[in-house]
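Here's the structure we're looking at; comments come further down.
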Amino acid sequence: MGGLRLLLLPVAWIYQLILIVRHKLFDWQILRPVAFQHPVICVGNLSMGGTGKTPQVEYIIRLLKNNYRIATLSRGYRRKSSGFLLASNEMTYQQIGDEPKQYINKFDDIIVAVDEKRVHGIRKLQVLPNPPKIVILDDAFQHRQVKPGINILLTDFHNLYPNDWLFPAGNLRDLSSQAKRANVIIVTKTPRVFSPFTKRRLIEIIRPQPGQMLYFSYLDYGRLTPVNNKSKVFIPKTLTTILMFCGIGNPYPFEEHLRDLCSNLIVHDYPDHHVYTENDIKHLEREFEAILGKNKIMVTTEKDAMRLIDSPYFSRLERFPLFYIPIEVKFHENKAKGFDQYLTEYVRKNTSND
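All residue numbers for the sequence shown refer to the working numbering, where the first residue is 249 and numbers rise by one.
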């Protein structure tokens, strides 16, 4: 822990006390969570972000969408609207948030909704003319007002919650002891090469409780995907330099992947959910133009690309070869089958035939 964060420990202790009282109110049933008849699956974490919730939600969508009508419900972080909204392709990320915008862009056969109040949001979904059979709560582990049927807790391999501290001394936004409420714990962003020693070490750190399922996942990176028209006609056979920029919680795995694609990687990390300004774009323009040679491209994440496309300054990047790399979640040790069966069996048992 750095010196500044050490100084912030007293603030973290006050925050800890507030959280303890809040959770006790739920544990003692003074505050009561709301349960719903249809399946509700929660995907969340204990940290401030960067655990890979978006690709995990997309994994569950792909698993279930062919057999059930699905809705995702998110807060819509940093959106400029408020209250309950049903997303559409015409909406911008400023209206609904970047994760919901990505979901609605990728999946045309699901419902995407946003609401700061999860209980209210689920109730609004239930009264739609064609309501969903399943609701996936995106980033709602800390919201105990809803009692989900399955709680999936994610923790980043590079920053495991048992080794972290409460904000502002660390990156945890909730007590690490609340991991006990999870049905499933997934250690995300693990190395693709996963040794038995690494697995044992993680089990010793996480210490799952009896009945909890522990999985280990990694990110499977897809091919370079064009963001603009220039990129569609320019894909160099040999890459010398990649100018990488992104605003995500933990860019380290993304950086490591790109290092394998080129001999020179230039990195620009922005804060999570970063809104790109005109000055940001101008800086990227100047830096890219200063790179010698022709075998050079810009690369960002899928989420950042989506925010850029909605930006009023996106046209400034039209003349540059700009790509994103899609990602999907994969499980180690062929454990995907067990995870899939657990979710599908829960949904089957709790879904009516109406």
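All C-beta atoms, glycine included, are put in the ideal place defined by N, C-alpha and C.
It should be emphasised that the depicted structure is a prediction, and the values quoted were computed from it without experimental measurement.
With fewer than 16 other beta carbons inside 10 angstroms of its own, residue 310 counts as exposed. Here residue 488 has 510, 511, 512, 541, 543, 544 as same chain residues with Cβ atoms under 7 Å from its own Cβ, once five neighbours each way along the sequence are excluded. Counting only residues of its own chain and dropping the five nearest sequence neighbours on each side, residue 341 has a CB closer than 7 Å to the CB of 349, 554, 555, 558.
Along the region 455–507, the beta strand (DSSP E) occurs as fully enclosed runs of 3 or more residues at 461–469, 489–494, listed in sequence order. Collapsing the DSSP output to three states places residue 284 in coil.
Taking every protein chain shown into account, the CB of residue 571 has 16 or more other CB atoms within 10 angstroms, so this residue is buried. Within the same chain, and ignoring the five residues on either side of residue 253 in sequence, the residues whose Cβ sits closer than 6 Å to its Cβ are 417. Looking from the CA of residue 290, the closest CA among 468, 330, 504, 393 belongs to 393. Taking a contact to require three or more Cβ pairs closer than 8 Å, the region 430–437 and the region 275–283 do not qualify as touching. Between residue 398 and residue 359, the C-beta spacing is not below 8 Å. Proximity of the region 459–466 to the region 561–568 falls short of the contact definition, fewer than three beta-carbon pairs being nearer than 8 Å.
Judged by DSSP secondary structure, residue 432 falls within the beta strand (DSSP E) whose first and last residues are 432–436. Annotation: residue 444 to residue 580 spans about 11 Å, alpha carbon to alpha carbon. Taking a C-beta distance under 8 Å as the contact criterion, residue 577 and residue 467 qualify as a contact pair. Following the DSSP letters along the chain, one finds residue 370 inside the alpha helix (DSSP H) bounded by residues 366–374. The continuous alpha helix (DSSP H) containing residue 592 extends over residues 584–597. A Cβ-Cβ distance of about 11 Å is found for the pair residue 330 and residue 345, leaving them out of contact under the 8 Å criterion. Our two residues, residue 271 and residue 428, have alpha carbons roughly 12 Å apart in a direct line. With fewer than three CB-CB distances shorter than 8 Å, the region 581–589 does not count as touching the region 491–505. Scanning 297, 596, 307 for the CA closest to the CA of residue 404 turns up 297. As far as DSSP is concerned, residue 422 takes part in no beta bridge.
For residue 523, no alpha helix (DSSP H) encloses it, and the DSSP letter there is neither H nor E. Positions of the alpha helix (DSSP H) runs, each at least 4 residues long and wholly inside the region 275–319, are given as 301–312 in order along the chain. Between the alpha carbons of residue 465 and residue 436 lies a distance of about 5 Å.
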